[in-house]
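Undergrad: I am attaching a structure below and will ask some questions about it afterwards.
Number of protein chains: 2
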Amino acid sequence: MSHKAFLRARSPEHKQQRREAILAAARELALRDGVRTVSLGGVAAAVGLVKSNLARYFATREEIFLELAAEEFRGWEAAAVARVAVAPGPESVLDALVETLDERPLFCDLLSHSATTLERNATMEAARAFKLQTAGSFAKISAAVAQARPDLTGDEAGELVAAAAGFAGLLYPAAHPPPVLARLYAEDAAVAALCFEFVPVAKRMLRALAAGLPSLRGEQGDSANGG
Amino acid sequence: MSHKAFLRARSPEHKQQRREAILAAARELALRDGVRTVSLGGVAAAVGLVKSNLARYFATREEIFLELAAEEFRGWEAAAVARVAVAPGPESVLDALVETLDERPLFCDLLSHSATTLERNATMEAARAFKLQTAGSFAKISAAVAQARPDLTGDEAGELVAAAAGFAGLLYPAAHPPPVLARLYAEDAAVAALCFEFVPVAKRMLRALAAGLPSLRGEQGDSANGG
Numbered sequence: 330m331s332h333k334a335f336l337r338a339r340s341p342e343h344k345q346q347r348r349e350a351i352l353a354a355a356r357e358l359a360l361r362d363g364v365r366t367v368s369l370g371g372v373a374a375a376v377g378l379v380k381s382n383l384a385r386y387f388a389t390r391e392e393i394f395l396e397l398a399a400e401e402f403r404g405w406e407a408a409a410v411a412r413v414a415v416a417p418g419p420e421s422v423l424d425a426l427v428e429t430l431d432e433r434p435l436f437c438d439l440l441s442h443s444a445t446t447l448e449r450n451a452t453m454e455a456a457r458a459f460k461l462q463t464a465g466s467f468a469k470i471s472a473a474v475a476q477a478r479p480d481l482t483g484d485e486a487g488e489l490v491a492a493a494a495g496f497a498g499l500l501y502p503a504a505h506p507p508p509v510l511a512r513l514y515a516e517d518a519a520v521a522a523l524c525f526e527f528v529p530v531a532k533r534m535l536r537a538l539a540a541g542l543p544s545l546r547g548e549q550g551d552s553a554n555g556g
Numbered sequence: 330m331s332h333k334a335f336l337r338a339r340s341p342e343h344k345q346q347r348r349e350a351i352l353a354a355a356r357e358l359a360l361r362d363g364v365r366t367v368s369l370g371g372v373a374a375a376v377g378l379v380k381s382n383l384a385r386y387f388a389t390r391e392e393i394f395l396e397l398a399a400e401e402f403r404g405w406e407a408a409a410v411a412r413v414a415v416a417p418g419p420e421s422v423l424d425a426l427v428e429t430l431d432e433r434p435l436f437c438d439l440l441s442h443s444a445t446t447l448e449r450n451a452t453m454e455a456a457r458a459f460k461l462q463t464a465g466s467f468a469k470i471s472a473a474v475a476q477a478r479p480d481l482t483g484d485e486a487g488e489l490v491a492a493a494a495g496f497a498g499l500l501y502p503a504a505h506p507p508p509v510l511a512r513l514y515a516e517d518a519a520v521a522a523l524c525f526e527f528v529p530v531a532k533r534m535l536r537a538l539a540a541g542l543p544s545l546r547g548e549q550g551d552s553a554n555g556g
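Residue numbers (my numbering), protein chains in the order written: chain Y, 330 to 556; chain B, 330 to 556.
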């Protein structure tokens, strides 16, 4: 084997190690400081690369975070499918969705930024990979929910799973206020009522949706099914 | 009246005119380019001030947007209360919440950024003013909903109003994809299924919540009320 061939063979593996080191550094910084505050320069410094070198692996900070979000989707999918399968009752099926999200603060933080920021500053390929992962995870978790809750249709199960992820993105930042808001909540009861906790609110909303969605059957499109 | 007294009397009015010009310029830029892309420097240029001068009126871009969001809350409150009062049926009460939000794209864009960004880079006073406006508008719209829907408690009406605003913030960016995502949605059906439209999804979710919430009565706290 020539020296050149050795370099060629070694390069993809080395590149993959670098990518993983970058992702690990970004994960650590985001968990510590919040996704919002982590910059490409900060990740480069943490992993010991100059910024222009890091750009060979990821063009923007958003591409790093979309890849972390896809990883987190895989982790949530595995945990949610497993937890739903052993849920002891119909309501604990929905609770399992909320609890497995709540155990993943980085995922919730990433979800809160995905539509407003992350997807808006990424290449077509990075956005596609993230969206396909999202669609695949939603489909698998929805199938598990539909199996555990035969009172719901597959579409209704899908709406509940998407709603659970939506509530996580929506409520995570509200439930983790910055110091200025935390002081405000402590001072003013009217304002404190706007500080929604993720777990109880999301559980209650999902229960209400699951109770109400079947009452809308027949309203959409196929009105021949009655309503 | 001395010259100094004249200057003193004139100054607050002049300052108020400047503030309004800044808010109007930020509103126009945000409507045209999206809240996310508008910078303090861009607003300063649009209004013909140097950035250091603009800082005398607003310390950060987030303070400008929180004030615009408070204005938008007042507009939504007036429109929603009026529309709910003349809603011809129980479901059109909820539809009115969604439609009055959909008529306010800047408000929806601001809501999508409020918890993740706007509230995180503002002074205590700016955050307090915005939160008090939010609480006040929620209370007034909820009272109108509770009056038009006697099947719902005041608390349930409040949950529906907060959910409507939450769905607007959650779904607005997803329903207004950037060019990269729009191309992706056109190419790939699995990905396109993740492109949720605000109006139909929010109307359906609110109907399901309104149908399901009453079935949870008695589950929380006061279990003596039955369930």
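Backbone N, C-alpha and C fix where the C-beta goes; we use that ideal spot for every residue, glycine too.
All figures in this text were calculated on a predicted structure; none of them were measured in a lab.
Counting C-beta neighbours from all protein chains within 10 Å, is the total for D438(B) 16 or more, i.e. buried, or is it exposed?
TA: Translated into the one-based positions of the second sequence, residue 438(B) becomes position 109. Counting Cβ neighbours within 10 Å, D438(B) comes out buried, since at least 16 surround it.
Undergrad: Could you list which residues in chain Y have their beta carbon closer than 8 Å to that of V520(B), in chain order?
TA: Start at 1 with the first residue of the second sequence, and residue 520(B) comes out as number 191. Going along chain Y in sequence order, the residues near V520(B) (Cβ under 8 Å) are R457, K460, L461, A464.
Undergrad: My parser needs the beta strand (DSSP E) runs of 3 or more residues fully inside the region 386–463 of chain B; what are they?
TA: The region 386–463 of chain B contains no whole beta strand (DSSP E) run of 3 or more residues.
Undergrad: Below 8 Å between beta carbons is the criterion; list the residues of the region 377–406 of chain Y that meet it against any residue of chain B, in chain order.
TA: Of all residues in the region 377–406 of chain Y, none has a Cβ within less than 8 Å of some Cβ in chain B.
Undergrad: Excluding five sequence neighbours on each side, which residues of the same chain lie with their C-beta closer than 6 Å to the C-beta of F387(Y)?
TA: To locate residue 387(Y), count along the first sequence from 1; it is residue 58. Only I393 meet the Cβ criterion.
Undergrad: Rank R348(B), L360(B), F525(B), E349(B) by C-alpha distance to the C-alpha of L435(B) and give the top, closest one.
TA: As a first step, residue 435(B) is located in the second sequence; it is residue number 106 there, counting from the start. With distances taken between Cα atoms, L435(B) lies closest to L360(B).
Undergrad: Check for me: the alpha helix (DSSP H) holding S368(B) runs from which residue to which?
TA: If you number the second sequence from 1, residue 368(B) lands on position 39. It is not in any alpha helix (DSSP H) - S368(B) carries neither H nor E in the DSSP assignment.
Undergrad: Is the beta carbon of R478(B) less than 7 Å from the beta carbon of V422(B)?
TA: Residue numbering aside, residue 478(B) sits at position 149 when the second sequence is read from its first letter. Residue numbering aside, residue 422(B) sits at position 93 when the second sequence is read from its first letter. For R478(B) and V422(B), yes; Cβs fall inside 7 Å.
Undergrad: Select from R512(B), K532(B), A472(B), L542(B) the residue whose C-alpha is nearest the C-alpha of E406(B).
TA: By 1-based counting over the second sequence, the position of residue 406(B) is 77. When each option's Cα is compared against that of E406(B), the closest is A472(B).
Undergrad: Indicate whether the contact test is met: 3 or more Cβ pairs, each with one atom in the region 540–547 of chain Y and one in the region 537–546 of chain B, closer than 8 Å.
TA: Yes, they touch.
Undergrad: Going by the beta-carbon positions, is the gap between S466(B) and F525(B) smaller than 7 Å?
TA: By 1-based counting over the second sequence, the position of residue 466(B) is 137. By 1-based counting over the second sequence, the position of residue 525(B) is 196. Contact: no.
Undergrad: Could you tell me the distance, in whole angstroms, from the CA atom of L461(B) to the CA atom of A455(B)?
TA: Position 132 of the second sequence, counting from 1, holds the residue named residue 461(B). Position 126 of the second sequence, counting from 1, holds the residue named residue 455(B). Taking the straight line from one Cα to the other gives about 10 Å.
Undergrad: Flag F335(B) as yes if its beta-carbon sits less than 7 Å from any beta-carbon of chain Y, otherwise no.
TA: Taking the second sequence and counting its residues from 1, one reaches residue 335(B) at position 6. Note that F335(B) scores 42 on pLDDT, short of 50, meaning its location in the model is unreliable; the coordinates nonetheless yield the value given after this. No, no contact with chain Y.
Undergrad: Applying the criterion that 16 or more other CB atoms from any shown protein chain within 10 Å of the CB defines a buried residue, is T366(B) buried or exposed?
TA: By one-based count along the second sequence, residue 366(B) stands at place 37. Exposed, since its Cβ has fewer than 16 Cβ neighbours within 10 Å.
Undergrad: At a cut of 8 Å, does the region 474–488 of chain B reach the region 407–419 of chain B through at least three beta carbon pairs?
TA: Cβ pair count under 8 Å is three or more, so yes.
Undergrad: Would K344(Y) be called buried (16 or more neighbouring beta carbons within 10 Å of its own) or exposed?
TA: Counted from its first residue, the first sequence places residue 344(Y) at position 15. So K344(Y) ends up on the exposed side.
Undergrad: Indicate whether the contact test is met: 3 or more Cβ pairs, each with one atom in the region 439–446 of chain B and one in the region 497–513 of chain B, closer than 8 Å.
TA: Counting Cβ pairs under 8 Å, three or more are found: they touch.
Undergrad: Just how far apart, CA to CA, sit V528(Y) and D431(Y)?
TA: Residue 528(Y) sits at position 199 when you count from the first residue of the first sequence. Residue 431(Y) sits at position 102 when you count from the first residue of the first sequence. So the two alpha carbons sit approximately 7 Å from each other.
Undergrad: If you reduce the DSSP assignment to three classes, tell me which class A384(B) lands in.
TA: Here the question's residue 384(B) lines up with position 55 in the second sequence. Coil, per DSSP.
Undergrad: Quick check on H332(B): does DSSP put it in helix, strand or coil?
TA: Position 3 of the second sequence holds residue 332(B). Because H332(B) sits at a pLDDT of 44, beneath the cut-off of 50, its placement in the model cannot be relied upon, and the following sentence gives the value as read from the coordinates. Three-state result, H332(B): helix.
Undergrad: How would you call R390(B), buried or exposed, if buried means at least 16 neighbouring beta carbons within 10 angstroms?
TA: Here residue 390(B) corresponds to residue number 61 of the second sequence, with the count starting at 1. Answer is buried; the Cβ neighbour count reaches 16.
Undergrad: Which bits of chain Y does L502(B) rub up against, with CB to CB less than 7 Å?
TA: Residue 502(B) sits at position 173 when you count from the first residue of the second sequence. The sequence shown places Pro at residue 502(B), rather than the Leu named in the question. Residues of chain Y passing the Cβ test: A444, T445.
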